[in-house]
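K.L.:
Below is the structure I would like to discuss, written out as structure tokens.
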Amino acid sequence: MLSIFKKPRFRGGVHAEEHKTETAALPIADNFPLPKKLYIPLQQHVGKPAEPLIMVGEKVLKGQLLAYSQGLISAPVHAPSSGIIVDVNDYPAPHPSALPIRMIVLETDGKDEWVKTQIVDDPFQLNPEEISLRVGAAGIVGLGGATFPTAVKLNMGRENHVDTLIINGSECEPYLCCDDRLMQERAGEIIDGVRLMLHGMTNSPGANLHLPEGCRTGRYDMNTEHAVVAIEDNKPLAFLAMQAAAEPYAQVKVIQIPTRYPMGWDRQLIRYVTGKEVPVGCRSSEIGVTIHNVGTAYAVHKAIRLGQPLLSRVVTVAGGAVKRPMNVEVPFGTLISELFDFCEVDKEQTARIVMGGPMMGDSLPHTALPTVKATSGILALTQSELKNTDEQPCIRCAGCVSVCPAGLRPLDMANNIRINQLDAAVDLGLKDCISCGCCSYICPSNIPLVQYFKYASGEVIARQQAQHKSEQTKRLIDARNARMERIAQQQREDELAWKAAKAERERLKAEQEALV
Amino acid sequence: MMLHMKPSSGAHVGANNSVSHIMWQVMLAISPATVFGLLCFGWPALNLFVITVLSAVVFEAFCLRLKGRVAKPVIMDGSAVLTGWLLAMTLPPWAPWWIGVVGSGLAIILGKQVYGGLGQNLFNPAMLARVALLISFPIEMTTWANVSPLFFSHSPGLIESWHITFSGLDNIDASTGATTLGFIKTEFSQNRLLTDILKDTSGFLNFIGGTRGSLGETSTLLLGLGGVWLIRQNVIQWQIPVSLLLTVALLAGIFHGMDSEHYAGPLLHLNSGALMCVAFFIATDYVTSPNTPTGQLVFGAGCGLLIFVIRTWGAYPEGAGFAVLLMNSATPLIDHYIKPRIYGRDRKGKPLEIPKS
Numbered sequence: 000m001l002s003i004f005k006k007p008r009f010r011g012g013v014h015a016e017e018h019k020t021e022t023a024a025l026p027i028a029d030n031f032p033l034p035k036k037l038y039i040p041l042q043q044h045v046g047k048p049a050e051p052l053i054m055v056g057e058k059v060l061k062g063q064l065l066a067y068s069q070g071l072i073s074a075p076v077h078a079p080s081s082g083i084i085v086d087v088n089d090y091p092a093p094h095p096s097a098l099p100i101r102m103i104v105l106e107t108d109g110k111d112e113w114v115k116t117q118i119v120d121d122p123f124q125l126n127p128e129e130i131s132l133r134v135g136a137a138g139i140v141g142l143g144g145a146t147f148p149t150a151v152k153l154n155m156g157r158e159n160h161v162d163t164l165i166i167n168g169s170e171c172e173p174y175l176c177c178d179d180r181l182m183q184e185r186a187g188e189i190i191d192g193v194r195l196m197l198h199g200m201t202n203s204p205g206a207n208l209h210l211p212e213g214c215r216t217g218r219y220d221m222n223t224e225h226a227v228v229a230i231e232d233n234k235p236l237a238f239l240a241m242q243a244a245a246e247p248y249a250q251v252k253v254i255q256i257p258t259r260y261p262m263g264w265d266r267q268l269i270r271y272v273t274g275k276e277v278p279v280g281c282r283s284s285e286i287g288v289t290i291h292n293v294g295t296a297y298a299v300h301k302a303i304r305l306g307q308p309l310l311s312r313v314v315t316v317a318g319g320a321v322k323r324p325m326n327v328e329v330p331f332g333t334l335i336s337e338l339f340d341f342c343e344v345d346k347e348q349t350a351r352i353v354m355g356g357p358m359m360g361d362s363l364p365h366t367a368l369p370t371v372k373a374t375s376g377i378l379a380l381t382q383s384e385l386k387n388t389d390e391q392p393c394i395r396c397a398g399c400v401s402v403c404p405a406g407l408r409p410l411d412m413a414n415n416i417r418i419n420q421l422d423a424a425v426d427l428g429l430k431d432c433i434s435c436g437c438c439s440y441i442c443p444s445n446i447p448l449v450q451y452f453k454y455a456s457g458e459v460i461a462r463q464q465a466q467h468k469s470e471q472t473k474r475l476i477d478a479r480n481a482r483m484e485r486i487a488q489q490q491r492e493d494e495l496a497w498k499a500a501k502a503e504r505e506r507l508k509a510e511q512e513a514l515v
Numbered sequence: 000m001m002l003h004m005k006p007s008s009g010a011h012v013g014a015n016n017s018v019s020h021i022m023w024q025v026m027l028a029i030s031p032a033t034v035f036g037l038l039c040f041g042w043p044a045l046n047l048f049v050i051t052v053l054s055a056v057v058f059e060a061f062c063l064r065l066k067g068r069v070a071k072p073v074i075m076d077g078s079a080v081l082t083g084w085l086l087a088m089t090l091p092p093w094a095p096w097w098i099g100v101v102g103s104g105l106a107i108i109l110g111k112q113v114y115g116g117l118g119q120n121l122f123n124p125a126m127l128a129r130v131a132l133l134i135s136f137p138i139e140m141t142t143w144a145n146v147s148p149l150f151f152s153h154s155p156g157l158i159e160s161w162h163i164t165f166s167g168l169d170n171i172d173a174s175t176g177a178t179t180l181g182f183i184k185t186e187f188s189q190n191r192l193l194t195d196i197l198k199d200t201s202g203f204l205n206f207i208g209g210t211r212g213s214l215g216e217t218s219t220l221l222l223g224l225g226g227v228w229l230i231r232q233n234v235i236q237w238q239i240p241v242s243l244l245l246t247v248a249l250l251a252g253i254f255h256g257m258d259s260e261h262y263a264g265p266l267l268h269l270n271s272g273a274l275m276c277v278a279f280f281i282a283t284d285y286v287t288s289p290n291t292p293t294g295q296l297v298f299g300a301g302c303g304l305l306i307f308v309i310r311t312w313g314a315y316p317e318g319a320g321f322a323v324l325l326m327n328s329a330t331p332l333i334d335h336y337i338k339p340r341i342y343g344r345d346r347k348g349k350p351l352e353i354p355k356s
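Listed in order, the protein sequences are those of chains A and B. Under numbering that gives the first Met the number 0, think of the first position of the first sequence as 0, with each following residue one higher. Under numbering that gives the first Met the number 0, think of the first position of the second sequence as 0, with each following residue one higher.
Below, the structure is given as structure tokens:
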């Protein structure tokens with residue numbers, strides 16, 4: 000009875016039609032033919048793009064470092080197969096704009112020849128810092144879609160006192176089931192990755208020495224004690240597999256969570272599992288929680304146990320236009336067109352190509368774009384699957400208010416954006432919008448609310464930049480005016496001094512003449 | 000493979016609902032009560048109903064043409080039909096044809112289109128029209144026909160019904176009377192006591208709907224069933240109806256408990272007048288009610304309070320229309336003050352503090 004009065008652990012959200020059963024029953028396909036050419040973007044993560052260290056024409060082996068990470072938040076890029084580098088240039092990015100970004104083009108030789116890998120006998124003997132370093136060097140980023148460099152998160156886990164590591168196995172987006180299959184087929188490896196992450200977040204004496212005295216919040220005796228793997232209850236097989244794999248380890252707990260989108264939103268899941276709410280503007284590690292995706296845990300296992308960097312991932316190819324929907328492991332840089340050929344996508348029927356899930360994914364303008372670390376799925380949706388775009392006036396049904404997991408009022412925000420009152424929209428919480436798409440999904444008037452919010456966010460940033468620029472220009476003009484004034488003043492003073500000197504000279508001359 | 004499409008952000012899929020779907024579901028929910036009302040009050044009621052709905056559609060089309068818009072797709076969303084329908088339900092069943100036409104004109108033009116059309120209006124169009132009619136034409140709006148079911152011998156036939164609708168009632172006293180609430184009001188002014196007043200009134204008939212009253216408002220049972228179905232269908236939320244009905248019942252209970260001879264009891268309040276219709280179908284109008292659950296509770300309670308106050312101490316026997324309009328005007332205020340808490344922020348919008356562990 001008391002539980003009714005407690006804070007709700009889950010707010011808003013929708014239950015979208017899942018479309019998962021067909022693909023979730025099939026094993027991950029590993030017979031995808033190695034593409035002739037791989038287009039590997041230098042930026043597949045949040046942060047600075049990697050910097051290439053190979054030359055065009057150079058022969059590389061599978062797993063060889065192609066580009067190193069720059070700066071604190073960045074990730075390196077490795078060769079997904081062996082072959083020859085044929086180009087380092089700008090190619091269309093897997094982004095709705097398809098604007099060109101820097102990519103390395105690798106012509107594969109078909110041998111798939113590995114570079115020499117480092118194998119550790121007992122990784123639990125390694126220093127936690129060493130785990131972080133290796134994870135960072137393997138180019139591992141958050142594979143749930145956020146692509147935040149994992150090593151940075153592990154470091155933050157050591158620097159703060161993190162008591163819970165949450166492993167996100169919710170996979171709440173419809174259609175996608177790559178994590179589901181991964182958990183069913185490679186549960187042991189994932190649990191091993193989880194344990195390695197726990198080890199990587201252990202504080203050793205001296206772990207925080209690089210930080211100033213007052214900031215060493217983490218303590219040697221307070222370690223991350225346990226990990227919770229949270230799996231939505233629409234994936235019973237994955238849950239059983241993971242539970243069996245986690246059985247021997249007391250510190251890893253596997254739990255089931257209700258199926259509701261967006262359960263996989265990190266902050267939502269943190270509140271559901273721990274009851275804690277992450278304050279706006281804080282990282283979850285500041286309240287003692289870190290969250291990683293199951294795919295990331297698997298990548299950590301491969302990087303530490305086998306020394307293999309992140310070269311490929313499981314991608315769900317699904318949608319009404321796909322004849323053979325499946326989960327398939329593909330090397331990064333594979334063009335979507337090749338993936339579609341393999342899965343027999345009906346081009347006539349495809350009305351929209353979406354990278355990621357149908358709720359938050361981006362629509363792509365064409366298929367000559369590579370798959371990257373963030374590509375959890377590629378959907379070829381038919382017209383009948385898409386949301387109707389026939390926009391009607393808002394009837395204030397407040398469906399968007401009730402489904403918003405962030406507690407916003409999308410209808411009021413959209414109304415303000417429509418009349419260009421962006422400041423009012425920001426006051427209403429525009430910056431707290433996570434673009435989960437629940438409001439657009441539920442809207443009976445088919446108003447593209449998320450589109451409004453993304454536009455407004457971009458516009459707010461652009462306006463701030465423009466304002467910053469005009470302020471900068473004004474400052475420069477003021478500085479120039481001051482400088483000019485100073486120069487003129489100097490000139491006047493020089494002239495006066497010169498005149499004085501001349502007068503002095505003439506006086507001296509006159510005196511001398513008088514003396515003579 | 001090039002698609003040449005406009006880039007769009009998520010969600011790429013959508014829930015299977017639309018504005019017209021919502022409107023049709025509401026119509027489906029009010030149809031049992033409407034059909035029952037038409038059966039009870041016969042052909043004149045049917046005439047009035049058809050006239051009101053049709054003129055609502057015509058006025059909507061006229062306004063859209065003035066705006067230079069194509070009328071058909073907007074008409075098809077069903078909102079004009081629903082407005083006309085709801086208005087017809089609240090009219091006296093044998094009212095003359097021009098009451099329906101003027102009412103629809105007021106509802107569609109003054110109640111909705113002058114604000115900018117669907118979703119823009121501050122007041123509920125049907126209630127605005129009803130209240131305006133009640134104030135402007137008090138006689139026509141308070142002439143309540145006796146229950147005279149269709150196909151009964153003493154009920155007006157088809158030809159006679161046209162006469163009633165288009166040239167007015169000849170023998171008013173023989174075929175009309177007062178509603179329960181109106182009767183109580185007039186009798187109270189004669190200093191009679193409640194038990195005495197109500198000795199001929201059947202609570203059961205009030206519940207089923209076989210009494211004098213507005214065209215579609217008499218049957219508490221059918222309106223309640225329709226409303227509960229709408230809540231089950233997730234078209235409306237429970238907050239407004241529950242808080243409205245509870246407030247009225249609670250207030251009536253308290254006053255009836257204190258003085259049972261001068262204050263009507265909760266059951267009588269719930270079973271009479273426009274209460275059920277308003278609670279489930281008028282006050283829950285999306286456009287004119289608050290959009291947070293707490294705000295809706297406040298809104299419903301406010302409506303209930305005003306209804307009880309007007310019924311008990313006001314000059315009118317029924318106050319539902321006034322109450323809804325008054326609370327409609329408070330909706331922007333309620334929405335301004337009662338809003339959901341944003342994740343990671345406190346109620347004032349400041350970021351939460353990091354808990355000290």
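Glycine is no exception: its CB is placed at the ideal position from the N, C-alpha and C atoms. None of these values were measured; they are calculated from a predicted model.
Quick one: list the residues of chain B neighbouring residue 194 of chain A, beta-carbon separation under 9 Å, in chain order.
P.N.:
The residue you call residue 194 of chain A lines up with position 195 of the first sequence. Chain B residues near residue 194 of chain A: none, gap ~24 Å exceeds 9 Å.
K.L.:
Assign residue 230 of chain A to one of three DSSP states: helix, strand, or coil.
P.N.:
Counted from its first residue, the first sequence places residue 230 of chain A at position 231. Strand at residue 230 of chain A.
K.L.:
Can you confirm whether residue 117 of chain B, when its beta carbon is compared against all beta carbons of chain A, has any partner nearer than 7 Å?
P.N.:
Counted from its first residue, the second sequence places residue 117 of chain B at position 118. So, interface residue.
K.L.:
In terms of residues, what are the limits of the beta strand (DSSP E) holding residue 313 of chain A?
P.N.:
By 1-based counting over the first sequence, the position of residue 313 of chain A is 314. Segment 311 to 317, the beta strand (DSSP E) holding residue 313 of chain A.
K.L.:
Can you find a C-beta in chain B that's less than 7 Å from the C-beta of residue 440 of chain A?
P.N.:
Translated into positions along the first sequence, residue 440 of chain A becomes position 441. Output row for residue 440 of chain A: interface = yes.
K.L.:
If you measure from the beta carbon of residue 17 of chain A to each beta carbon in chain B, is any gap under 7 Å?
P.N.:
As a position in the first sequence, residue 17 of chain A is number 18, starting the count at 1. Judged by the 7 Å Cβ criterion, residue 17 of chain A is not in contact with chain B.
K.L.:
Cα separation between residue 35 of chain A and residue 197 of chain A?
P.N.:
Residue 35 of chain A sits at position 36 when you count from the first residue of the first sequence. Residue 197 of chain A sits at position 198 when you count from the first residue of the first sequence. Whole-angstrom Cα-Cα distance: 39 Å.
K.L.:
Quick check: is the beta carbon of residue 343 of chain B nearer than 7 Å to any beta carbon in chain A?
P.N.:
Stepping through the second sequence from its first residue, residue 343 of chain B is reached at position 344. Answer yes: the Cβ-Cβ gap between residue 343 of chain B and chain A drops below 7 Å somewhere.
K.L.:
On the DSSP bridge list, what partners appear for residue 83 of chain A?
P.N.:
As a working mapping, residue 83 of chain A is identified with position 84 in the first sequence. Residue 83 of chain A is bridged to A:58 and A:106.
K.L.:
Which residues, in chain order, does the stretch 76 to 96 of chain B contribute to contact with chain A at a C-beta distance below 9 Å?
P.N.:
76 and 78
K.L.:
Can you find a CB in chain A that lies within less than 7 Å of the CB of residue 336 of chain B?
P.N.:
As a first step, residue 336 of chain B is located in the second sequence; it is residue number 337 there, counting from the start. Output row for residue 336 of chain B: interface = no.
K.L.:
Closest by CA to residue 106 of chain A, which one among A:492, A:85 and A:496?
P.N.:
By one-based count along the first sequence, residue 106 of chain A stands at place 107. Comparing Cα-Cα distances from residue 106 of chain A to each of A:492, A:85 and A:496, the minimum goes to A:85.
K.L.:
Got a sec: is the Cβ-Cβ distance from residue 431 of chain A to anything in chain B below 7 Å?
P.N.:
Residue numbering aside, residue 431 of chain A sits at position 432 when the first sequence is read from its first letter. Residue 431 of chain A counts as touching chain B.
K.L.:
Ends of the beta strand (DSSP E) at residue 268 of chain A?
P.N.:
For the purposes of this step, residue 268 of chain A is identified with residue 269 of the first sequence, where counting begins at 1. Here residue 268 of chain A belongs to no beta strand (DSSP E); instead the alpha helix (DSSP H) covers 265 to 273.
K.L.:
Does the Cβ-Cβ distance between residue 179 of chain A and residue 170 of chain A come in under 7 Å?
P.N.:
On the first sequence, residue 179 of chain A is found 180 positions in, with the first residue counted as 1. On the first sequence, residue 170 of chain A is found 171 positions in, with the first residue counted as 1. Against a cut-off of 7 Å, the Cβ pair of residue 170 of chain A and residue 179 of chain A comes out as a contact.
K.L.:
Anything in the stretch 454 to 466 of chain A with a Cβ closer than 8 Å to a Cβ of chain B? List those residues in chain order, please.
P.N.:
none
K.L.:
Examine the Cβ distances between the stretch 148 to 164 of chain A and the stretch 84 to 100 of chain A and report whether three or more of them are shorter than 8 Å.
P.N.:
With a cut-off of 8 Å, the stretch 84 to 100 of chain A and the stretch 148 to 164 of chain A do not count as touching, because too few Cβ pairs lie within range.
K.L.:
What's the gap between the Cα of residue 350 of chain A and the Cα of residue 387 of chain A?
P.N.:
In the first sequence, residue 350 of chain A corresponds to position 351, counting from 1. In the first sequence, residue 387 of chain A corresponds to position 388, counting from 1. Going from the Cα of residue 350 of chain A to the Cα of residue 387 of chain A covers about 12 Å.
K.L.:
Using 7 Å as the threshold, is the C-beta distance between residue 359 of chain A and residue 274 of chain A below it?
P.N.:
In the first sequence, counting from the first residue as 1, residue 359 of chain A sits at position 360. In the first sequence, counting from the first residue as 1, residue 274 of chain A sits at position 275. No, these two residues do not count as a Cβ contact at 7 Å.
K.L.:
Given a threshold of 16 other Cβ atoms within 10 Å of its Cβ, counted over all protein chains shown, does residue 115 of chain A qualify as buried or as exposed?
P.N.:
Counted from its first residue, the first sequence places residue 115 of chain A at position 116. With a 10 Å radius around the Cβ and a threshold of 16 neighbouring Cβ atoms, residue 115 of chain A comes out exposed.
K.L.:
Please report how far the alpha carbon of residue 452 of chain A lies from the alpha carbon of residue 263 of chain A, in whole angstroms.
P.N.:
The sequence position of residue 452 of chain A within the first sequence is 453, counting from 1. The sequence position of residue 263 of chain A within the first sequence is 264, counting from 1. Between residue 452 of chain A and residue 263 of chain A, the C-alpha separation is close to 21 Å.
K.L.:
Using the C-alpha atoms, what's the distance from residue 152 of chain B back to residue 42 of chain B?
P.N.:
Sequence index remark: in the second sequence, residue 42 of chain B carries index 43 (1-based). Sequence index remark: in the second sequence, residue 152 of chain B carries index 153 (1-based). Take the alpha-carbon of residue 42 of chain B and the one of residue 152 of chain B: they are about 13 Å apart.
K.L.:
Name the two residues that bound the continuous alpha helix (DSSP H) containing residue 469 of chain A.
P.N.:
Against the first sequence, residue 469 of chain A aligns to sequence position 470. Run containing residue 469 of chain A: 448 to 514, per the alpha helix (DSSP H) assignment.
K.L.:
Once you ignore the five residues that flank residue 40 of chain B on each side, which residues in its own chain have a CB closer than 6 Å to its CB?
P.N.:
Position 41 of the second sequence holds residue 40 of chain B. Correct list, in chain order: 92 and 144.
K.L.:
Roughly how many angstroms lie between the CA atoms of residue 49 of chain A and residue 14 of chain B, to the nearest whole one?
P.N.:
Here residue 49 of chain A is taken as the residue at index 50 of the first sequence, counted from 1. Here residue 14 of chain B is taken as the residue at index 15 of the second sequence, counted from 1. Computed Cα separation, rounded: 41 Å.
K.L.:
Which of the three DSSP states is assigned to residue 256 of chain A in this structure?
P.N.:
As a working note, residue 256 of chain A is residue 257 in the first sequence. Note: residue 256 of chain A maps to strand in three-state DSSP.
K.L.:
For residue 47 of chain B, count neighbouring Cβ atoms within 10 angstroms of its own Cβ and tell me buried if that reaches 16, exposed if not.
P.N.:
Reading the second sequence from its first residue, position 48 is the one you call residue 47 of chain B. Around the CB of residue 47 of chain B, 16 or more other CB atoms lie within 10 Å, so the residue is classed as buried.
K.L.:
Once the 5 residues before and after residue 73 of chain B are set aside, which same chain residues still bring their CB inside 6 Å of it?
P.N.:
Within the second sequence, the letter at position 74 stands for residue 73 of chain B. Excluding sequence neighbours, residue 73 of chain B sits near 63.
K.L.:
Who are the Cβ neighbours of residue 3 of chain A in its own chain at under 8 Å, not counting the five residues just before and after it?
P.N.:
In the first sequence, the residue the question calls residue 3 of chain A occupies position 4. In this prediction, residue 3 of chain A has a pLDDT of 47, which is less than 50 and means its spatial position is unreliable; nothing more can be read from the coordinates.
K.L.:
Drop a sphere of 10 angstroms on the beta-carbon of residue 173 of chain B, count the other beta-carbons inside from all chains shown, and report buried for 16 or more, exposed for fewer.
P.N.:
Taking the second sequence and counting its residues from 1, the one referred to as residue 173 of chain B is at position 174. Exposed, since its Cβ has fewer than 16 Cβ neighbours within 10 Å.
K.L.:
Using C-beta distances below 6 Å, list every residue in its chain close to residue 127 of chain B, excluding the 5 sequence neighbours before and after it, in chain order.
P.N.:
Numbered from 1 along the second sequence, position 128 holds the residue referred to as residue 127 of chain B. The residues are 110.
K.L.:
Could you tell me whether the Cβ atoms of residue 517 of chain A and residue 75 of chain A are closer together than 7 Å?
P.N.:
This structure does not reach residue 517 of chain A, given that chain A is present from 0 up to 515, and the question cannot be answered.
K.L.:
Would you mind stating whether residue 235 of chain A and residue 17 of chain A have Cβ atoms separated by less than 7 Å?
P.N.:
Residue numbering aside, residue 235 of chain A sits at position 236 when the first sequence is read from its first letter. Residue numbering aside, residue 17 of chain A sits at position 18 when the first sequence is read from its first letter. Contact flag unset, no.
K.L.:
What in chain A is Cβ-close to residue 291 of chain B, meaning under 7 Å?
P.N.:
As a first step, residue 291 of chain B must be located in the second sequence, where it is residue number 292. Within 7 Å Cβ-Cβ: 400.
K.L.:
Would you kindly check if the distance between the Cβ of residue 108 of chain A and the Cβ of residue 61 of chain A is under 7 Å?
P.N.:
Taking the first residue of the first sequence as 1, we reach residue 61 of chain A at position 62. Taking the first residue of the first sequence as 1, we reach residue 108 of chain A at position 109. No; because the gap between Cβ atoms is not below 7 Å, this pair is not in contact.
K.L.:
Let me check understanding here. Comparing Cα to Cα, which of B:295, B:264, B:217 and B:125 lies closest to residue 243 of chain B?
P.N.:
Stepping through the second sequence from its first residue, residue 243 of chain B is reached at position 244. Its Cα nearest to that of residue 243 of chain B, the residue B:295 stands out among B:295, B:264, B:217 and B:125.
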